[in-house]
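*Asks:* First the structure, then my questions, so here it is.
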Amino acid sequence: MSEVCEHKIDWIDCDKKGHEEGCFFASCRNCEYESYDCEDQETMKLTTEYRCHNCGKMFEAAAYYPADATPRCPDEEQHDNRVSTEALLEKIKKSMGRFFTIVFTKRSTGEKRTMTCRLGVKKHLKGGARAYDPESMNLMIVWEPRSAMYKSIPTDAIVEAKIAGKVYQVVK
Numbered sequence: 024m025s026e027v028c029e030h031k032i033d034w035i036d037c038d039k040k041g042h043e044e045g046c047f048f049a050s051c052r053n054c055e056y057e058s059y060d061c062e063d064q065e066t067m068k069l070t071t072e073y074r075c076h077n078c079g080k081m082f083e084a085a086a087y088y089p090a091d092a093t094p095r096c097p098d099e100e101q102h103d104n105r106v107s108t109e110a111l112l113e114k115i116k117k118s119m120g121r122f123f124t125i126v127f128t129k130r131s132t133g134e135k136r137t138m139t140c141r142l143g144v145k146k147h148l149k150g151g152a153r154a155y156d157p158e159s160m161n162l163m164i165v166w167e168p169r170s171a172m173y174k175s176i177p178t179d180a181i182v183e184a185k186i187a188g189k190v191y192q193v194v195k
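Residue numbers (this note's numbering): 24 to 195.
Set out below in structure tokens:
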């Protein structure tokens with residue numbers, strides 16, 4: 024059974040000259056619902072405040088409905104920063120040993136931790152085999168230069184990471 028949307032309607036008055044008073048366009052912020060009472064929907068100019076469906080930011084925009092005129096968020100180029108945990112781990116692996124900053128929730132205390140680290144450091148290994156398999160425990164082993172120690176990051180608790188100057192947010 025599908026959920027019923029409790030519409031959050033944005034009402035927009037048509038500003039086209041010559042149109043009668045009360046000419047409008049309305050759309051829901053949460054779903055695809057639209058309604059209009061305008062003779063000329065193809066060129067109806069809209070100016071209003073919109074909420075970006077990707078980042079939630081409110082912005083003002085002028086657009087023409089419906090001819091390919093969905094208002095564009097001013098931060099749209101940054102929307103591709105939302106990735107799955109698997110995609111983020113792949114980006115980290117492709118960083119080729121470069122430093123990255125990661126934010127995650129510690130399993131032991133539940134607090135958020137920010138760490139600058141890197142993969143692939145072998146210089147400080149003591150030798151021998153690990154007593155556990157980090158992948159089976161959803162852990163990623165990194166080198167943290169601040170403490171000069173290897174650290175384990177729970178991959179299922181990663182919130183965001185900054186890799187090569189770009190911030191990626193994990194979408195659960």
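Note that CB positions come from ideal geometry on N, CA and C, so glycine has one too.
#1: Mapping the DSSP letters down to three states, classify Ser159 as helix, strand or coil.
#2: Might you give, ordered along the chain, the residues of its own chain that have their beta carbon closer than 8 Å to the beta carbon of Val106, omitting 5 neighbours on each side?
#3: Roughly how many angstroms lie between the CA atoms of Phe127 and Met119, to the nearest whole one?
#4: Between the segment 138-148 and the segment 160-170, do at least 3 Cβ pairs fall closer than 8 Å?
#5: Rounding to the nearest angstrom, what Cα-Cα distance links Lys117 and Lys174 in this structure?
#6: CA-CA distance, Lys135 and Met163?
#7: Does the Cβ of Thr124 have 16 or more other Cβ atoms within 10 Å, making it buried, or fewer, making it exposed?
#8: Roughly how many angstroms separate the alpha carbons of Lys146 and Ala171, rounded to a whole number?
#9: Following the continuous alpha helix (DSSP H) through Thr108, name the residue where it begins and the one where it ends.
#10: Can you tell me where the beta strand (DSSP E) holding Lys135 begins and where it ends?
*Replies:* On the basis of the data shown:
#1: Here residue 159 refers to the residue found at position 136 of the sequence shown. Helix at Ser159.
#2: Locating residue 106 in the sequence shown gives position 83, counting from the first residue. Here the set comprises Lys114, Tyr191, Gln192, Val193, Val194.
#3: Taking the sequence shown and counting its residues from 1, the one referred to as residue 127 is at position 104. Taking the sequence shown and counting its residues from 1, the one referred to as residue 119 is at position 96. If you take the alpha carbons of Phe127 and Met119, they lie about 21 Å apart.
#4: yes
#5: In the sequence shown, counting from the first residue as 1, residue 117 sits at position 94. In the sequence shown, counting from the first residue as 1, residue 174 sits at position 151. Distance between the alpha carbons of Lys117 and Lys174 is about 19 Å.
#6: In the sequence shown, residue 135 corresponds to position 112, counting from 1. In the sequence shown, residue 163 corresponds to position 140, counting from 1. Going from the Cα of Lys135 to the Cα of Met163 covers about 16 Å.
#7: The count along the sequence shown starts at 1 and reaches residue 124 at position 101. Thr124 is exposed by the Cβ-count criterion.
#8: Start at 1 with the first residue of the sequence shown, and residue 146 comes out as number 123. Start at 1 with the first residue of the sequence shown, and residue 171 comes out as number 148. Between Lys146 and Ala171, the C-alpha separation is close to 11 Å.
#9: Counted from its first residue, the sequence shown places residue 108 at position 85. Run containing Thr108: 108-116, per the alpha helix (DSSP H) assignment.
#10: Locating residue 135 in the sequence shown gives position 112, where the first residue counts as 1. Unbroken beta strand (DSSP E) run through Lys135: 135-140.
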